[in-house]
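Here's the structure we're looking at; comments come further down.
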Amino acid sequence: MWQYLPNKPHKLGFKVFTRAGSSGIMYGIEIYQGRGTAEAGPFGLGGDVVMRLLRSLKPKAGHRIFFDKWFSSVDLVVHLKKIGYDCVWTIRQNRLSGCELMEEKELKRFGRGHVDWRVKKSTEVCLVRWYDNKAVTHLSSYVAVEPKDTIRSWDSSEKKYVGIERPAVIKQYNKYMGGVDLADMLIELYHSNLKTRKDDLYLQRDACYTLIRMKVYRESLARYGEPGALWHAMASLNHEDFRSVEIQKIFGILEELLTFSRSSS
9 MWQYLPNKPH KLGFKVFTRA GSSGIMYGIE IYQGRGTAEA GPFGLGGDVV
59 MRLLRSLKPK AGHRIFFDKW FSSVDLVVHL KKIGYDCVWT IRQNRLSGCE
109 LMEEKELKRF GRGHVDWRVK KSTEVCLVRW YDNKAVTHLS SYVAVEPKDT
159 IRSWDSSEKK YVGIERPAVI KQYNKYMGGV DLADMLIELY HSNLKTRKDD
209 LYLQRDACYT LIRMKVYRES LARYGEPGAL WHAMASLNHE DFRSVEIQKI
259 FGILEELLTF SRSSS
């Protein structure tokens, strides 16, 4: 189903939800097909997408989940913590479940690097609001404010770099968030050109890339109990060679399908 996405570089297209590692490798996708795509759950559209994308992961296996504010809610993070997933998310003001934090104007008076935070003891979930150039709010189930570190940030009024204190939760989020954006960028590099204007064919091409990476990863995981030699051999290639291997595998799959189709007929 075509979607109008006003905040994206390409305004019209398909909406695809993706689970990716910080390395940029995709491990799961879901194509949005409008209301009724899947049975509604208790966490809203964004939260239900998260739960479906996590089905293939083993709970309590040390996975840490990072999402942006479109998906997040306090109830979802509490539920994920109960079933064994650590999380860090950005969260919208209207989803704080009544928790009061300092407003951006108040934080601004204290200056850049100031932080306000709350912890709900019954669930051990932490809300952290940090002010740099503007206020940003994070929700976490495993990391909070300490230990802080200091980052260099440009001060436009003083025309120089200054040191800003940064909470641990912000450091974790900035370090590991961005796998989906990286995956999108890698797809656009060295991809096979299609002489067509049909967007569904581009979607099928990108889905093939994703499925092959998932297949290599899972084969290696099943054989070695961890990503293992097969996965690391693929990961050690530069990106151009990696894409070449992917395309060869796609042609191999297509050849098998054509052979099967001819023998069946």
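The working numbering numbers the first residue of the sequence shown as 9 and each following residue consecutively.
Glycine residues also receive a C-beta, built at the ideal position from the N, C-alpha and C atoms.
Please read these numbers as outputs of a predicted model, since none were measured by experiment.
Where do the ends of the beta strand (DSSP E) carrying residue i lie?
i	result
residue 179	From DSSP, residue 179 is part of no beta strand (DSSP E) but of the alpha helix (DSSP H) over 176-184.
residue 128	123-128
residue 85	Residue 85 -> not in any beta strand (DSSP E); alpha helix (DSSP H) instead, spanning 82-90.
residue 97	94-98
residue 163	157-163
residue 106	Looking at the DSSP string, residue 106 is not in any beta strand (DSSP E), and its letter there is neither H nor E.
How is the alpha helix (DSSP H) around residue i delimited, first residue to last?
i	result
residue 113	112-118
residue 55	52-61
Look at the alpha carbon of residue i and the alpha carbon of residue j, and state the distance between them as a whole number of angstroms.
i	j	result
residue 154	residue 76	22 Å
residue 69	residue 90	13 Å
residue 169	residue 139	16 Å
residue 55	residue 182	21 Å
residue 109	residue 51	23 Å
residue 98	residue 146	4 Å
residue 81	residue 102	10 Å
residue 159	residue 166	16 Å
residue 129	residue 19	43 Å
residue 104	residue 95	16 Å
residue 132	residue 149	6 Å
residue 125	residue 137	6 Å
residue 84	residue 107	16 Å
residue 193	residue 30	13 Å
residue 14	residue 196	21 Å
residue 236	residue 191	With a pLDDT of only 49 at residue 236, under the threshold of 50, the placement of this residue in the model should not be trusted, and no figure is reported.
Would you call residue i buried or exposed, if buried means 16 or more other Cβ atoms sit within 10 Å of its Cβ?
i	result
residue 64	exposed
residue 34	buried
residue 187	buried
residue 100	exposed
residue 189	exposed
residue 79	buried
residue 117	exposed
Are residue i and residue j closer than 9 Å when you measure CB to CB?
i	j	result
residue 121	residue 172	yes
residue 176	residue 157	yes
residue 115	residue 127	no
residue 184	residue 27	no
residue 142	residue 112	yes
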